[in-house]
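Below is one structure; the comments refer to it alone.
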Amino acid sequence: MDLFEYQAKELFAKHNVPTTPGRVTDTAEGAREIATEIGRPVMVKAQVKVGGRGKAGGVKYAATPEDAYEHAKNILGLDIKGHVVKKLLVAEASDIAEEYYISFLLDRANRTYLAMCSVEGGMEIEEVAATKPERLAKVPVNAVKGVDLATARSIAEQGHLPAEVLDAAAVTINKLWELFVAEDATLVEVNPLVRDPQDRILALDGKVTLDANADFRQPGHAEFEDRDATDPLELKAKEHDLNYVKLDGSVGIIGNGAGLVMSTLDVVAYAGEKHDGVKPANFLDIGGGASAEVMAAGLDVILNDKQVKSVFVNVFGGITSCDAVANGIVTALHMLGDEANKPLVVRLDGNNVDEGRRILAQANHPLVIQAETMDAGADKAAELANK
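And the structure:
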């Protein structure tokens, strides 16, 4: 889950990462009030989960509360790369002597954590990597040892930060690592990390991405959910602990196991090329236990997607046998009643497949069409979606 800047700064405050004071608001009058409380010039910053805010006019300097009010009026409702601004962060403006860059992220390719640090802050890090790669340090982090002050100082040194700020920067880098670990983040980024004229190190902007797979041990992260921007079908799936991602096609997909579901997406997309470019409508992994309740929840989510014209259920029976899956499908269709109104292509294979197919055949539900293979099932589902 990507956080807004103001949410990232809430975590900064929680973990003692120094930043400038400020608050979030959704009105121009609120921006004026916050600027008045701060009593110094402020930055009025659009809260959107996309880069390029400044170039789009979403970040403005306000010398007075009245300036903050006027800027807020112009920024609220602004469309920035398809993201409409609904909230603003009004934060104290800081005098900047130098700008740096620091981040921690999960390096999936190398199966480790990675720190990135550069003296070239304040610009897109991709630009630094492309034009001045020698100025961007990429430092693997030992997951067991972590980042103590000595390691943090070494990261800052490798990023070519000036000698006079290394100790202060190390303290902040250490705090950012503590945040990264404690909050189960996959990304913590500060750009820019600045030195002000008083030689203070401040995090002026921040990005944090939290690992949704850790939600079970991070109940406080639920408050960061942007329900207004989250697809309602994804919210419904989350309520049932289903792994669901909405796509833009018309064939609903249900499978057990992420690998099988991803393979199913590929096969359906390939089959769809013969049927006017039909594509998968979603990723939905119901996991190992395809009970009637889980199957009903999955079907309920998919059938509420108005783009879906057909559904392909592709299940390989393992610990959960095919007869249990078949009973789950039959019961789910009964539970959903009239809501189950789109053709359902079912391919079963694996443990007790013959009994599973017999159960579906005996149920003789008018919407259920059995397929012998994954290819045949994908082709039939694509054909039905194209009618």
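Take 0 as the starting number for the sequence shown in numbering that gives the first Met the number 0 and just add one per residue. Even for Gly, the Cβ is constructed at its ideal location relative to N, Cα and C.
query                                                                                                                                                                : result
Where do the N-terminal and C-terminal ends of the beta strand (DSSP E) with PHE315 fall, by residue?                                                                : 309–316
Under 8 Å by Cβ, that's how I've got ALA331 and ALA291 pegged, so tell me the actual separation to the nearest angstrom.                                             : 5 Å
Name the one or two DSSP bridge partners that VAL208 has.                                                                                                            : It should be pointed out that residue 208 corresponds to Thr in this sequence rather than to Val. DSSP lists ASP1, LEU186 as partners of THR208.
Got a sec, what are the start and stop residues for the beta strand (DSSP E) THR24 sits in?                                                                          : 21–24
In chain order, which alpha helix (DSSP H) runs of at least 4 residues are fully inside the segment 115–171?                                                         : 124–130, 148–157
On the CB-based measure, 16 or more other CB atoms within 10 Å of its CB, does ASN141 come out buried or exposed?                                                    : exposed
How would you label ASN255, buried or exposed, when you count the other beta carbons within 10 angstroms and need 16 or more for buried?                             : buried
Do you know how far the Cα of ILE285 is from the Cα of HIS364?                                                                                                       : 22 Å
Counting only runs that start and end within the segment 235–266, where is the alpha helix (DSSP H) found for 4 or more residues in a row?                           : none
Taking 8 Å as the cut-off, decide whether the C-beta atoms of ASN303 and CYS321 are in contact.                                                                      : no
Terminal residues of the continuous beta strand (DSSP E) containing LEU87?                                                                                           : 87–91
The beta strand (DSSP E) with VAL329 in it runs from where to where?                                                                                                 : Note, VAL329: premise wrong, no beta strand (DSSP E); alpha helix (DSSP H) at 321–335.
Give the secondary structure of LYS341 by DSSP, where H, G and I count as helix, E and B as strand, and everything else as coil.                                     : coil
Taking the alpha carbon of LYS137 as the reference point, which residue from SER117, VAL143, ARG152 has its own alpha carbon closest?                                : SER117
Hey, could you find the ends of the alpha helix (DSSP H) GLU403 is sitting in?                                                                                       : The requested residue 403 does not occur in the structure, where the chain is confined to residues 0 to 386.
Considering ALA45, what are the terminal residues of the beta strand (DSSP E) in which it resides?                                                                   : 41–45
Can you give me the start and stop residues for the alpha helix (DSSP H) that ASN73 sits inside?                                                                     : 64–74
Just list the residues that DSSP pairs ASP78 with in beta bridges.                                                                                                   : VAL83
Along the chain, where does the alpha helix (DSSP H) that runs through LEU298 open and close?                                                                        : 291–302
Rounded to whole angstroms, what's the CA-CA distance from LYS392 to LYS44? Just pull it up for me.                                                                  : The displayed coordinates of the chain run from 0 to 386. Any statement about residue 392 would go beyond what the structure contains.
I'd like the list of long-range same chain contacts for HIS82, defined as Cβ closer than 7 Å, with 5 residues on each side in sequence excluded.                     : VAL47, LYS48, VAL49
Spatial neighbours of VAL127 within its chain, please: CB distance less than 8 Å, with the 5 preceding and 5 following residues excluded, ordered by chain position. : TYR100, SER117, GLU119, ARG134, LEU135
For my contact list, ILE301 and VAL310 are in at a C-beta cut-off of 8 Å; report their separation, rounded to the angstrom.                                          : 6 Å
Decide if GLY327 is buried, meaning its Cβ has at least 16 other Cβ atoms within 10 Å, or exposed.                                                                   : buried
DSSP on GLU371, reduced to helix/strand/coil?                                                                                                                        : coil
Can you round the beta-carbon distance between LEU359 and GLN369 to whole angstroms, since I take them to be within the 8 Å contact cut?                             : 6 Å
What is the rounded straight-line gap between the Cα of LYS273 and the Cα of SER249?                                                                                 : 14 Å
Kindly indicate which three-state DSSP category ASP275 falls into: helix, strand or coil?                                                                            : coil
Hey, how far is the Cα of PRO196 from the Cα of ILE95?                                                                                                               : 7 Å
Just list the residues that DSSP pairs TYR269 with in beta bridges.                                                                                                  : Its beta-bridge partners do not exist; DSSP assigns none.
Assuming contact is defined by CB atoms lying nearer than 8 Å, are MET122 and SER102 in contact in what I supplied?                                                  : no
Would you tell me roughly how many angstroms separate the C-alpha atoms of LEU186 and ASP204, rounded to the nearest one?                                            : 14 Å
Just list the residues that DSSP pairs ASN281 with in beta bridges.                                                                                                  : LYS245
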